[in-house]
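Asker: When the letters of the sequence shown are read in order and numbered with the UniProt record's numbering, they come out as residues 1 to 114. C-beta atoms are modelled at their ideal positions from N, C-alpha and C, and glycine is treated no differently. My questions all concern the structure below.
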Amino acid sequence: MLKDIREGFVHISDAVVSKMIGLAAIETPGIASMSKNMSEGLTKRLSGKSGQQGITVEVKEREVEVDLRIIVNYGYKIQEVCQAVQHNVRHAVETMMGLSLVAVNVKVEGIALV
């Protein structure tokens, strides 16, 4: 993401956007963890590098679309947790990065016993 300011340009890498989204998501009450898919696990094993697990981010100009895969703690209302994580991610993207959030898609992939 490239942002034009008077003094020059500011570039925020997709990895930073993803990391900030991950932090906003995991701070949400009821979120046990982010869920990784098979390709994330394979990438980590083959390259030794790991991306932000459970998060897919598409950044176009000043717009962001996010897909989250989460594990919810047992005993929490899933719908409320999903709405809260959407709100937290939207707030982080729009206020901290000045980007427009097109969508926060949430997929619950499991329940964790606390």
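Since Ala84 and Met20 should fall inside the 8 angstroms C-beta cutoff, what is the C-beta to C-beta distance between them, to a whole number of angstroms?
Answerer: Position 84 of the sequence shown holds residue 84. Position 20 of the sequence shown holds residue 20. Ala84 to Met20, Cβ: 17 angstroms. No contact.
Asker: Give the straight-line distance between the Cα atoms of Lys60 and Ala112, rounded to the nearest whole angstrom.
Answerer: Mapped onto the sequence shown, residue 60 falls at position 60. Mapped onto the sequence shown, residue 112 falls at position 112. When rounded, the distance between both Cα atoms is 34 angstroms.
Asker: Would you please state the rounded distance, in angstroms, between the beta carbons of Gln86 and Val104? I believe it to be under 8 angstroms.
Answerer: Looking up residue 86 in the sequence shown gives position 86. Looking up residue 104 in the sequence shown gives position 104. Confirmed, about 4 angstroms.
Asker: Could you tell me which residues DSSP pairs with His87 in its beta bridges?
Answerer: Here residue 87 corresponds to residue number 87 of the sequence shown, with the count starting at 1. Answer by DSSP bridge pairing: none, since His87 is not bridged.
Asker: Taking buried to mean at least 16 other C-beta atoms within 10 Å of its own C-beta, is Ile78 buried or exposed?
Answerer: The residue labelled residue 78 in the question sits at position 78 within the sequence shown. Looking at its Cβ environment, which holds fewer than 16 other Cβ atoms inside 10 Å, Ile78 is exposed.
Asker: What separation, rounded to the nearest whole angstrom, lies between the Cα atoms of Thr56 and Phe9?
Answerer: Residue numbering aside, residue 56 sits at position 56 when the sequence shown is read from its first letter. Residue numbering aside, residue 9 sits at position 9 when the sequence shown is read from its first letter. For Thr56 and Phe9, the distance between alpha carbons rounds to 25 angstroms.
Asker: Are there 16 or more other CB atoms within 10 angstroms of the CB of Val72, so buried, or fewer, so exposed?
Answerer: Residue numbering aside, residue 72 sits at position 72 when the sequence shown is read from its first letter. It counts as buried.
Asker: Tell me which same chain residues have a C-beta within less than 8 angstroms of the C-beta of Arg90, skipping the five on either side of it?
Answerer: Numbered from its first residue, the sequence shown carries residue 90 at position 90. These residues qualify, in order along the chain: Leu101 and Val104.
Asker: Between the alpha carbons of Cys82 and Leu68, how many angstroms are there, rounded?
Answerer: Reading the sequence shown from its first residue, position 82 is the one you call residue 82. Reading the sequence shown from its first residue, position 68 is the one you call residue 68. About 10 angstroms.
Asker: Could you check if Ser47 is buried or exposed, using at least 16 other CB atoms within 10 Å of its CB as the buried criterion?
Answerer: Walking along the sequence shown from the start, residue 47 turns up at place 47. Since pLDDT at Ser47 reaches only 38, below the 50 mark, its modelled position is unreliable, and no value is offered.
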